[in-house]
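Counting from 1061, one number per residue, gives the positions in the sequence shown under the working numbering. Note sheet for the following structure.
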Amino acid sequence: LLVIDEISMVRADLLDAIDAVLRRYRDRNKPFGGVQLLMIGDLQQLSPVVKDEEWQMLGKYYDTPYFFSSQALKQTEYCTLELKTVYRQSDGAFLELLNRIRENRYDESVLNSLNQRYMPDFEPQKEEGYIRLVTHNYQAQRINDRELAQLPGQSFAFRATIEGKFPEYSYPSDDVLELKKGAQIMFVKNDTSGEHRYFNGMIGEVTDVSSSFIEVRNKDSELPFVLQEEEWANAKYVLDEETKEITEEIEGVFRQYPVKLAWAITIHKSQGLTFDRAIIDASASFAHGQTYVALSRCKTLEGLVLSAPLSARAIISDSAIDAFTSERSEERRVGKEC
1061 LLVIDEISMV RADLLDAIDA VLRRYRDRNK PFGGVQLLMI GDLQQLSPVV
1111 KDEEWQMLGK YYDTPYFFSS QALKQTEYCT LELKTVYRQS DGAFLELLNR
1161 IRENRYDESV LNSLNQRYMP DFEPQKEEGY IRLVTHNYQA QRINDRELAQ
1211 LPGQSFAFRA TIEGKFPEYS YPSDDVLELK KGAQIMFVKN DTSGEHRYFN
1261 GMIGEVTDVS SSFIEVRNKD SELPFVLQEE EWANAKYVLD EETKEITEEI
1311 EGVFRQYPVK LAWAITIHKS QGLTFDRAII DASASFAHGQ TYVALSRCKT
1361 LEGLVLSAPL SARAIISDSA IDAFTSERSE ERRVGKEC
């Protein structure tokens, strides 16, 4: 059984690559080598990343970049199940607003209800724990730099150690990390110590810092701990011609403290996360599902603040997703069973 989560972000060519590997090592005559496939995700959330030059090549072979255009998947008989229970939100009125945005059924009344949370001059207190969600990296960087500068005290810079081959575009974190006591941070890697003190995407705070150590706590704990550096490997995989086994070769290693400044993060980085309070600017949304993802990170409407008004331009829906969803809904309606 192969389980793939966040299937909305998986490209068709990646799914076909998985098919090719499984055929090679399992059953070459069956899609995905005969392995059972369970795909989980919300297609109304963020879509796969495809650069223009990549699509110029892929567009010759695929109708869309989405997983459901995979050649291998089209050779299978598969069915869909719709999960209906929402755990992040419990307010029925807020859920209705979110679903109207999610399903592209919004109107002026939906926008007006959400825009009641537009507060252009809102300045939260530190202890309230608001995080800002923005559409572009440069916006998040600008906000984080400003907030860091406003903190009292000395700042300390920590430079990553890079060994071997590790291209800059693959850096998993900042090569130079600047922190002060009181900085809001996000952990960018799971705790490998076995103590489960933090996980990728958790929000925390720097409780003390010097040139030689960083003390932090996660947002749900009052107990600080000293943070250790983590390692990320740049690995490539090669075929051993003698054994016919695929082996891993480590080309480079990146060592850095596993945190980033996080008064603000991009909406793409927020997928899968949940916040009690967030300040959202989705006015410059440029991708399918981006606005819905931002709004639905909040547990309640009261915890949501818009720093820019929401307009119809910011709510982008891909017709390919709409067509696929409609087709699958019709199959469920007529009783196609799994």
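By construction, the Cβ of each residue, glycine as well, lies at the ideal position given by its N, Cα and C atoms.
Proximity to residue i [Cα-Cα], best of the options
| i | options | result |
| --- | --- | --- |
| VAL1276 | GLY1332, GLY1152 and TYR1258 | TYR1258 |
| ALA1342 | THR1334, ILE1327, PHE1335 and THR1140 | ILE1327 |
| THR1385 | ARG1088, GLN1105 and PHE1092 | GLN1105 |
| GLU1207 | GLY1242, ASP1234, GLU1308 and SER1271 | GLY1242 |
| TYR1190 | ILE1245, ILE1381 and GLU1238 | ILE1245 |
| SER1271 | GLN1199, ILE1161 and SER1215 | SER1215 |
| ASN1172 | GLU1390, GLU1387 and ALA1372 | ALA1372 |
| VAL1170 | GLU1391, GLU1308, PRO1369 and GLU1387 | PRO1369 |
| ASN1250 | LEU1239, GLU1238, ILE1263 and ILE1375 | ILE1263 |
| GLY1224 | ASP1280, GLN1135, PHE1314 and VAL1298 | PHE1314 |
| SER1377 | GLU1391, THR1351, CYS1358 and GLU1362 | THR1351 |
| TYR1160 | ALA1380, VAL1394, ARG1388 and VAL1353 | Note that residue 1160 is Arg in the sequence shown, not Tyr. The residue with the shortest Cα to Cα distance from ARG1160 is VAL1353. |
| LEU1174 | VAL1146, ALA1374, GLN1199 and GLN1131 | ALA1374 |
| TRP1292 | LYS1186, TYR1231, PHE1182 and LYS1279 | TYR1231 |
| GLY1152 | TYR1198, THR1360, THR1267 and ALA1295 | THR1360 |
| ASP1268 | HIS1256, PHE1285 and GLY1254 | PHE1285 |
| GLN1131 | GLU1156, ASN1197, PRO1108 and ASP1079 | ASP1079 |
| PHE1247 | HIS1256, LEU1237, GLY1261 and GLU1301 | GLY1261 |
| MET1069 | ARG1392, ILE1274 and GLY1332 | GLY1332 |
| GLU1265 | LEU1321, ARG1219 and ASP1300 | LEU1321 |
| ILE1325 | LYS1144, ALA1200 and LEU1082 | ALA1200 |
Boundaries (first-last residue) of the alpha helix (DSSP H) holding residue i
| i | result |
| --- | --- |
| TYR1352 | 1350 to 1356 |
| GLU1265 | Unbroken run through GLU1265 is the beta strand (DSSP E), 1263 to 1269; no alpha helix (DSSP H). |
| VAL1170 | 1168 to 1175 |
| VAL1081 | 1072 to 1085 |
| GLU1133 | Checking the sequence, you will find Leu at residue 1133 rather than Glu. LEU1133 -> alpha helix (DSSP H) spans 1131 to 1134. |
Straight-line gap, residue i to residue j (C-alpha atoms, nearest Å)
| i | j | result |
| --- | --- | --- |
| LEU1062 | HIS1348 | 27 Å |
| ARG1086 | SER1330 | 36 Å |
| GLU1163 | GLU1282 | 40 Å |
| PHE1335 | ASP1112 | 33 Å |
| TYR1178 | LEU1133 | 43 Å |
| TYR1317 | ARG1165 | 44 Å |
| GLN1149 | ASP1102 | 16 Å |
| VAL1095 | LEU1364 | 43 Å |
| LEU1098 | ALA1209 | 47 Å |
| ARG1202 | LEU1239 | 15 Å |
| THR1140 | SER1233 | 37 Å |
| LEU1287 | LEU1355 | 32 Å |
| TRP1323 | ILE1339 | 10 Å |
| GLU1290 | THR1252 | 8 Å |
| GLU1362 | GLU1309 | 50 Å |
| THR1124 | ASP1167 | 28 Å |
| ALA1072 | PHE1127 | 4 Å |
| PHE1346 | LEU1211 | 32 Å |
| LEU1158 | ARG1084 | 43 Å |
| PHE1154 | ALA1217 | 42 Å |
| ASN1197 | LYS1090 | 42 Å |
| GLY1312 | TYR1229 | 13 Å |
| SER1367 | LEU1193 | 10 Å |
| ILE1274 | PHE1182 | 31 Å |
| GLN1185 | VAL1319 | 22 Å |
DSSP state of residue i mapped onto helix, strand, coil
| i | result |
| --- | --- |
| ALA1324 | strand |
| GLY1152 | helix |
| PHE1335 | strand |
| GLN1199 | helix |
| THR1385 | helix |
| TYR1229 | helix |
| PHE1285 | strand |
| GLN1244 | strand |
| GLY1094 | helix |
| GLU1223 | strand |
| LEU1157 | helix |
| LEU1208 | helix |
Where the beta strand (DSSP E) through residue i begins and ends
| i | result |
| --- | --- |
| ALA1217 | 1216 to 1219 |
| MET1099 | 1097 to 1099 |
| ASN1278 | 1274 to 1278 |
| LEU1364 | 1364 to 1366 |
| GLU1238 | 1236 to 1239 |
| LEU1118 | That residue, LEU1118, is in no beta strand (DSSP E); its alpha helix (DSSP H) goes 1112 to 1118. |
| LEU1193 | 1191 to 1194 |
| LEU1103 | Element bounds for LEU1103: n/a, residue is neither H nor E. |
| LEU1062 | 1062 to 1064 |
Bridge-paired residues (DSSP) for residue i
| i | result |
| --- | --- |
| ASN1294 | GLY1312 |
| ILE1399 | The shown model of the chain, from 1061 to 1398, leaves out residue 1399, and the question about it has no answer. |
| THR1307 | VAL1298 |
| TYR1317 | Answer is none; TYR1317 lacks a bridge partner. |
| VAL1146 | None; VAL1146 has no bridge partner. |
| TYR1178 | LEU1366 |
| ILE1340 | LEU1193 and LEU1366 |
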